[in-house]
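Here the protein sequences come in this chain order: S and U. Mapping of the first sequence onto UniProt numbering: residues 1 to 200, in sequence order. Mapping of the second sequence onto UniProt numbering: residues 1 to 200, in sequence order. All residues carry an ideal CB built from backbone N, CA and C; glycine is no exception. It should be emphasised that the depicted structure is a prediction, and the values quoted were computed from it without experimental measurement.
Number of protein chains: 2
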Amino acid sequence: MSSRARFTADETRERILTVAEEHFRRVGYAKTAIADLANELGMSSANVYRFFPSKSAICEEIARRMLDQCHGLLRDIIADRTASAEDRLARMTMTLHRFNKAQFFDERRLYDMVEAAMTESWPVIKAHLDTLVALFAEVIREGMAAGEFIVRDPIEAATCFKQCHVSVFHPTLIAHCAFDEDLDEQTARLTRFAIRALKA
Amino acid sequence: MSSRARFTADETRERILTVAEEHFRRVGYAKTAIADLANELGMSSANVYRFFPSKSAICEEIARRMLDQCHGLLRDIIADRTASAEDRLARMTMTLHRFNKAQFFDERRLYDMVEAAMTESWPVIKAHLDTLVALFAEVIREGMAAGEFIVRDPIEAATCFKQCHVSVFHPTLIAHCAFDEDLDEQTARLTRFAIRALKA
């Protein structure tokens with residue numbers, strides 16, 4: 001029985017993604033070729049291409065999973081309804097900031113893959129940004145119902161709330177100013193400011 | 001009398017800056033060498049270097065002047081004290097957005113010089129950001145005095161107010177999303193949101 005036959009198509013897809021992510025972190029996205037991954041997987045490049053038409057498609061799937069993981073963290077915070085809407089928004093912004101920052105400053109970095117995803121996989125990023133607005137809007141609506149917030153249009157408010165934090169959410173901007181100041185404090189300050197706008 | 005002798009040192013400095021800016025707009029910053037400028041000026045490269053130690057130093061001076069021009073536009077708005085603080089803040093954010101956007105979408109672009117300035121001339125950019133905070137704080141203080149705004153710390157409020165607009169102020173972000181949506185409307189929406197925070 002050949003090694004190839006031991007894996008189902010789904011398992012092979014998973015193996016490719018796991019090996020690719022590990023490789024991107026270790027070697028860098030730009031410096032990795034499909035042939036490198038195929039080599040590490042003991043597969044031919046042609047076989048890898050049967051699962052993913054391009055390196056970009058692999059990057060897109062890894063980015064999608066990372067972002068799903070991020071949304072999971074935010075949903076856990078939203079689900080803690082013992083906390084006020086204001087507190088949950090503050091925990092969400094800090095979580096998002098730290099999640100995005102970790103892509104750059106963890107020991108094993110995915111920086112250039114994240115940059116590539118933002119250029120090459122815009123639909124995935126766009127869906128992520130829409131999800132963020134929906135999640136913020138959910139908490140803002142709960143805050144309205146609880147009398148914490150006075151907001152006319154929760155989707156517009158959530159859009160602005162998210163947008164106000166671009167300097168601490170956007171990977172490129174985090175990378176530029178990460179050594180300048182305490183970004184956690186900047187995140188908290190921006191959230192306090194933006195929450196005032198929800199209460200006005 | 002040689003052509004060289006016809007110009008004072010200050011005049012030569014000006015000529016270098018004028019020719020350099022024109023050249024950067026036409027050819028691009030990255031593609032321009034000091035030798036190209038020297039050639040156009042009818043000077044030796046060594047002579048250009050007597051005035052500016054590097055292309056980066058020329059870029060820095062052009063960026064400084066552009067930013068001074070931008071601050072002038074904002075100061076004109078601030079000086080119109082017939083308008084409310086809120087109205088002046090809204091005019092300032094729109095002016096800043098359009099000024100930064102113009103660097104990318106005007107017929108003759110300085111895009112790559114702006115990018116270079118943000119990397120190579122960070123002190124000039126940092127001074128610009130500090131000036132923006134000071135200008136916003138001035139109007140916020142006037143709004144406090146007029147009973148328009150309720151703010152504890154006008155510098156912190158001005159910092160947050162500016163930061164909330166990063167997505168429509170930051171050249172790189174403007175360049176990324178300029179074709180996505182109506183950025184003027186996004187600017188106005190963010191300003192309305194941020195002004196609510198000043199009133200809370």
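R109/S carries a coil assignment under DSSP once its states are collapsed to helix, strand and coil. Pairing Y29/S with M118/U, the inter-Cα distance amounts to about 25 Å.
Within the same chain, Cβ atoms closer than 8 Å to the Cβ of E61/U are found at L17, F52, the five residues on either side in sequence being excluded. Against chain U, the CB of E120/S has no partner CB under 8 Å away; the residue lies outside that interface. Straight across, the Cα-Cα distance linking Y111/S with F104/S is about 5 Å. The beta carbons of M92/U and T187/U sit no closer together than 8 Å. R189/S belongs to the set of residues whose beta carbon lies under 8 Å from a beta carbon in chain U. Within a 10 Å sphere around the beta-carbon of E185/S sit fewer than 16 other beta-carbons, which makes this residue exposed. At a cut-off of 8 Å between beta-carbon atoms, S167/S makes contact with chain U. Taken residue by residue, none of the segment 55-88 of chain S has a beta-carbon sitting less than 7 Å from a beta-carbon on chain U.
Counting of Cβ neighbours within 10 angstroms places R196/S among the buried residues, the total reaching 16 or more.
In the structure shown, the three-state DSSP call for P53/U is coil. Burial of V166/U is indicated by the presence of at least 16 other C-beta atoms within 10 angstroms of its C-beta.
The criterion of a C-beta distance shorter than 8 Å is satisfied by A200/S and I150/S. In the three-state DSSP reduction, I77/S falls in the helix class (H, G or I). Separation of the CB atoms of V27/U and L89/U is rounded to 38 Å, and the pair is thereby denied contact status at 8 Å. Between A137/U and I155/U, the C-beta spacing is below 8 Å. DSSP places H23/U in the uninterrupted alpha helix (DSSP H) bounded by 9-27. For D10/S, the closest alpha carbon among the candidates R98/S, T131/S, R50/S, G143/S is that of R50/S.
In the three-state scheme derived from DSSP, where H, G and I count as helix and E and B as strand, I150/U is classed as coil. Counting along the chain, the unbroken alpha helix (DSSP H) around T131/S starts and ends at 122-145.
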